[in-house]
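All you need for my numbering is the position in the sequence shown, starting with 1, plus 29.
Think of the CB as a built atom: it goes at the ideal place given N, C-alpha and C, for glycine as much as any other residue.
To start, the structure itself, in structure tokens.
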Amino acid sequence: MTEMNRVCDIDCEILTTERLIIRQPHRDDAEDMALLANNFEIAKNLARMPYPYFDADARDFLKKITLDADSACTFAITKSDNGRFIGVCGLHDATGIHEHPYMGYWIGEPYWGQGYATEAAGALIDLYFKTTSRDTMMASCMSINDASRRVIEKCGGKYWKSEDAFSNTLGKNQKIDKFRISRSSWMEALAA
Numbered sequence: 030m031t032e033m034n035r036v037c038d039i040d041c042e043i044l045t046t047e048r049l050i051i052r053q054p055h056r057d058d059a060e061d062m063a064l065l066a067n068n069f070e071i072a073k074n075l076a077r078m079p080y081p082y083f084d085a086d087a088r089d090f091l092k093k094i095t096l097d098a099d100s101a102c103t104f105a106i107t108k109s110d111n112g113r114f115i116g117v118c119g120l121h122d123a124t125g126i127h128e129h130p131y132m133g134y135w136i137g138e139p140y141w142g143q144g145y146a147t148e149a150a151g152a153l154i155d156l157y158f159k160t161t162s163r164d165t166m167m168a169s170c171m172s173i174n175d176a177s178r179r180v181i182e183k184c185g186g187k188y189w190k191s192e193d194a195f196s197n198t199l200g201k202n203q204k205i206d207k208f209r210i211s212r213s214s215w216m217e218a219l220a221a
């Protein structure tokens, strides 16, 4: 894989959308991150997020992504009008785990249903296709997570396959649905 095609080599510190500033996370985000992430409704939909989620978990996450060069595309999602932290998103390469680079995100429950997840996901997908020559990326959600499924589909995601993933929060395997987002399906979603 050439460097231009490695997701973790994308050099972008900030993305802006109509209502969001998507920026590099920093230590000052830990308190707000822990407050929002300590929510069963969020954790049950993410395979690896611990629950309960403590300040120490947020600090450990922020430290890990600061030290891990492959986390260069992990962002804090903040509101542009007041800078409030509302979630996390990122682009990741996981060679050997997933067939394609993938996008992930979570939004704090007080901000659900307002289109922020779709706006953040769209910004990541746009960044991915503008800065790499790759034609496909992936997104996934727990099969029971209809809201996340709608976000992915609005962004051009086409159902690909289902598989099991272990949920730390639930302590058992859960069915996840994987979606492919192609350059052409993203362009179709933008035109819709």
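Just how far apart, CA to CA, sit Ser-214 and Ile-154? For this step, residue 214 is matched to residue 185 along the sequence shown. For this step, residue 154 is matched to residue 125 along the sequence shown. If I take the Cα positions, the gap works out to 11 Å.
In the DSSP assignment, the alpha helix (DSSP H) including Gly-119 goes from what residue to what residue? Counting from one through the sequence shown, the residue named residue 119 turns up at place 90. Boundaries for Gly-119: no alpha helix (DSSP H) harbours it, while the beta strand (DSSP E) harbouring it runs 114-121, taken from the DSSP string.
Please state the DSSP three-state secondary structure of Gly-151. On the sequence shown, position 122 is the one that residue 151 refers to. If DSSP states are grouped into helix, strand and coil, Gly-151 belongs with the helices.
Assign Lys-93 to buried or exposed, taking buried as 16 or more other Cβ atoms, counted over all protein chains shown, within 10 Å of its Cβ. Within the sequence shown, numbered from 1, the residue matching residue 93 stands at position 64. With fewer than 16 other Cβ atoms within 10 Å, it is exposed.
Consult DSSP for Arg-56 and reduce its assignment to one of helix, strand or coil. As a working note, residue 56 is residue 27 in the sequence shown. Looking at Arg-56 - three-state DSSP - the assignment turns out to be helix.
Measure the beta-carbon distance from Ile-51 to Cys-118 and round it to whole angstroms, keeping in mind my assumption that it falls under 8 Å. Looking up residue 51 in the sequence shown gives position 22. Looking up residue 118 in the sequence shown gives position 89. Rounded, the Cβ-Cβ distance is 7 Å, consistent with contact.
May I ask you to report which of helix, strand or coil DSSP gives Met-30? The residue you call residue 30 lines up with position 1 of the sequence shown. With a pLDDT of 37 at Met-30, under the threshold of 50, the modelled position of this residue cannot be trusted, and the question is left open.
Distance between Ser-211 and Met-30 (C-alpha atoms, nearest Å): The count along the sequence shown starts at 1 and reaches residue 30 at position 1. The count along the sequence shown starts at 1 and reaches residue 211 at position 182. Residue placement at Met-30 is poorly supported in this model, since its pLDDT is 37, which falls under 50; the coordinates still yield a value, given next. In a straight line, the C-alpha of Met-30 is about 18 Å away from that of Ser-211.
Please name the residue or residues paired with Met-216 in a DSSP beta bridge. Counting from one through the sequence shown, the residue named residue 216 turns up at place 187. According to DSSP, which records beta bridges pairwise, Met-216 is partnered with nothing at all.
Secondary structure of Leu-91, DSSP reduced to three states: As a first step, residue 91 must be located in the sequence shown, where it is residue number 62. Leu-91 falls in the helix class under three-state DSSP.
Could you tell me the boundaries of the beta strand (DSSP E) in which Lys-207 lies? For the purposes of this step, residue 207 is taken as residue 178 along the sequence shown, with counting starting at 1. Run containing Lys-207: 201-211, per the beta strand (DSSP E) assignment.
Please confirm whether any heavy atom of the ligand SAM lies closer than 8 Å to the CB of Lys-187. Questions concerning the ligand SAM fall outside what the structure shown contains, since it holds no ligand whatsoever.
Bridge partners for Leu-49 per DSSP, in chain order? Along the sequence shown, read from residue 1 onward, the residue named residue 49 stands at position 20. DSSP lists Lys-108 as partners of Leu-49.
Report the three-state DSSP secondary structure of Phe-83 (helix, strand or coil). Residue 83 sits at position 54 when you count from the first residue of the sequence shown. It is coil, neither helix nor strand.
Using the C-alpha atoms, what's the distance from Gly-112 back to Ser-172? Position 143 of the sequence shown, counted from the start, is the residue given in the question as residue 172. Position 83 of the sequence shown, counted from the start, is the residue given in the question as residue 112. Each residue's Cα considered, the two are about 32 Å apart.
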